[in-house]
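Participant: This is the structure, below, for whatever I ask next.
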Amino acid sequence: MIPSWTEAGVRLAVARFFNLYISIGNLILIEEGGSVFSFGKACDKCRVKSVMRVHDPLFYWKIATEGNLGLAEAYINGCFSFLDKREGLLNLILILIANRDDRRNRRIARKGGRWTPLHVLGRLAHAKYFLGKFSRKNTVTRSRRNVSQHYDLSNEFFSLFMDKSMTYSCAIFKMENESLEAAQERKLSLLISKAKVERGHHVLDIGFGWGSLAIQVVKQTGCKYTGVTLSEEQLKYAQGKAREAGLEDHITFLLCDYRHIPPYKYDAIISICMIEHVGHECMDEFFACCESYLAEDGIMALQFISAPEERYEQYRKRPDFLTEYIFPGGCLPSLARVVSAMSTSSRFSIEHVENIGPNYYPTLMCWMDNFTANKDKMLALGFDEKFIRIWEYYLIFSAACMKSRTLGVYQVVFSRPANRRLGQPLAKA
-1 MIPSWTEAGV RLAVARFFNL YISIGNLILI EEGGSVFSFG KACDKCRVKS VMRVHDPLFY
59 WKIATEGNLG LAEAYINGCF SFLDKREGLL NLILILIANR DDRRNRRIAR KGGRWTPLHV
119 LGRLAHAKYF LGKFSRKNTV TRSRRNVSQH YDLSNEFFSL FMDKSMTYSC AIFKMENESL
179 EAAQERKLSL LISKAKVERG HHVLDIGFGW GSLAIQVVKQ TGCKYTGVTL SEEQLKYAQG
239 KAREAGLEDH ITFLLCDYRH IPPYKYDAII SICMIEHVGH ECMDEFFACC ESYLAEDGIM
299 ALQFISAPEE RYEQYRKRPD FLTEYIFPGG CLPSLARVVS AMSTSSRFSI EHVENIGPNY
359 YPTLMCWMDN FTANKDKMLA LGFDEKFIRI WEYYLIFSAA CMKSRTLGVY QVVFSRPANR
419 RLGQPLAKA
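Numbering (the numbering used here), first residue to last: -1 to 427.
Structure representation (structure tokens):
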């Protein structure tokens, strides 16, 4: 237990920090003893309000010493909650993002300021997590472990919040009340169209998830399909799905690293939200491998979550909730990093770029609503309350980043120069 004098000092430091940092949007803290603090105010720049109940003084200590990651850990440990159970956490993160982007705080950041009132301890925490990131560099062996840590949790667990197709990526909505399943089907169909897949083609899917693209691309075009994953649970599920659909003759699933795919020249490569697992250091190698797998007139379509270029170097070197708790070894590449890796390691050129990121907020909120509705079933599977809070924070944090356009989602089409197969301009969402 932190001594009471330390509690008082840390509480004061965090209160002063919030008072300086939060100028737009309104954060209200209510303590167990009845004390109430209000920071900032709702305005045109940020109309959001969040009312938080602090249950444990560890909340202040975590924020003071570990900043953003400490806030996540305080939530995971149940140190605070919200009056608005659905949107309280979302609004808190939106307030923090809005103030980070405010001109005054951007100047502080450029001068070396940190999101940590206790600067020295914050630096030590930063060093600890940086070393942790370095130790999870994506070698072939480490990649298998990193992927397994997330995707091999339980197929039943994932089925409790995703749609029936088990598609774990940004959907594309056309109407406000459209079903998630219809929006996911549209996204897959668009990628198939962008890759110009036809009957007689052989498609490579790098990171096939739970097999939704495999089923749709074969049904839609009659092509042959090969997909690779590092997740044993995904492999089992996808194989069963192909059997149920009667498409085993057209579909091959491999438990295989993208660096070890058997040599073959594919007519198209589609990869959906897999490049985020490659890591900054291995991005060039990823494109070199794709270059070797793609036929001379082939087309490659990637969909990936992207960090903004202006914060990319800072992001990849600092502590990050997603890499610590959700996707070990992961890195959300900037669009510029993807282009750099492509130009360094392949003969590819970019034929098409589209940002579908605004669709990820409703996708994530659909998942969050399903997650909340099925919490009891998740507990029955053996997952505890702490695990549930980690995933709540993950889904809501991601939703806030997408709603604020802090992150984007790109669909990018690559080919080689003078490829006649490209023909007419590619479709858009």
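Glycine is no exception: its CB is placed at the ideal position from the N, C-alpha and C atoms.
#1: Looking at Phe319 and Ala480, is the spacing between their C-beta atoms short of 7 Å?
#2: Please state whether DSSP places Ile354 in a helix, a strand or coil.
#3: Grab the span of the beta strand (DSSP E) containing Val46 for me, first residue to last.
#4: Using DSSP with H/G/I as helix, E/B as strand and the rest coil, what is Val118?
#5: When you compare each of Ser229, Gln232, Gly209, Glu196 to Gly220 by their alpha carbons, which one comes out closest?
#6: Helix, strand or coil for Met376, going by three-state DSSP, please let me know.
#7: What span of residues does the alpha helix (DSSP H) with Asp282 cover, start to end?
#8: Taking DSSP as the reference, what is the three-state secondary structure of Ala212?
#9: Using only CA atoms, which one of Ser48, Ser146, Gln409, Tyr323 lies nearest to Cys254?
#10: Which residue spans inside the segment 188 to 246 form an unbroken alpha helix (DSSP H) run of at least 4?
#11: Which residue from Leu158, Glu390, Leu56, Leu27 puts its Cα closest to that of Ser48?
#12: In terms of alpha-carbon separation, which member of Arg142, Lys373, Ser36, Lys43 lies closest to Met50?
#13: Taking C-beta to C-beta, are Ala243 and Ile268 nearer than 7 Å?
#14: Tell me the rounded alpha-carbon separation between Val226 and Thr63.
#15: So Glu29 is in the beta strand (DSSP E); what residue range does that whole segment cover?
#16: Give the straight-line distance between the Cα atoms of Ile22 and His53, rounded to the nearest whole angstrom.
#17: Quick one: grab the DSSP three-state call for Ala72.
#18: Kindly identify the DSSP beta-bridge partner or partners of Gln301.
#19: How is Glu322 classed by DSSP in three states: helix, strand or coil?
#20: For the segment 295 to 305 and the segment 392 to 409, state whether three or more C-beta atom pairs, one from each stretch, are separated by less than 8 Å.
#21: Per DSSP, what kind of secondary structure is Val52 in: helix, strand or coil?
#22: Check this for me: beta carbons of Lys39 and Asn24, under 7 Å apart or not?
#23: Could you check how far apart the C-beta atoms of Gly31 and Lys135 are, in whole angstroms? I think they sit under 8 Å.
#24: Around the C-beta of Ala378, are 16 or more other C-beta atoms found within 10 angstroms, so that it is buried, or is it exposed?
#25: Using the rule of at least 16 other Cβ atoms within 10 Å of the residue's Cβ for burial, across every protein chain shown, is Val336 buried or exposed?
#26: Taking one C-beta from the segment 369 to 384 and one from the segment 326 to 334 each time, how about it: are there three or more such pairs within less than 8 Å?
#27: Report the partner residues of Phe80 according to the DSSP bridge assignment.
#28: Check Glu311 in the structure and name its three-state DSSP category.
Facilitator: Quick look at the numbers:
#1: Because the chain here runs from -1 to 427, residue 480 falls outside it and cannot be looked at.
#2: coil
#3: Here Val46 belongs to no beta strand (DSSP E), and DSSP marks it neither H nor E.
#4: The predicted model places Val118 with a pLDDT of 43, which falls under 50 and marks its position as unreliable; any figure quoted below should be read in that light. Annotated three-state conformation of Val118 is helix, per DSSP.
#5: Glu196
#6: helix
#7: 281 to 291
#8: In the structure shown, Ala212 adopts helical secondary structure according to DSSP, grouped into three states.
#9: Ser146
#10: 210 to 219, 230 to 243
#11: Of the listed residues, the one whose Cα sits closest to Ser48 is Leu27.
#12: Ser36
#13: no
#14: Whole-angstrom Cα-Cα distance: 41 Å.
#15: 24 to 29
#16: 25 Å
#17: Ala72 falls in the helix class under three-state DSSP.
#18: Ile270, Gln409
#19: helix
#20: yes
#21: strand
#22: yes
#23: Their Cβ separation, rounded to whole angstroms, is 46 Å, which puts Gly31 and Lys135 out of contact at 8 Å.
#24: Counting C-beta atoms within 10 angstroms of its own C-beta, Ala378 has fewer than 16 neighbours from the protein chains shown and is therefore classed as exposed.
#25: When all chains shown are included, Val336 counts as buried.
#26: The segment 369 to 384 is not in contact with the segment 326 to 334.
#27: Met50
#28: helix
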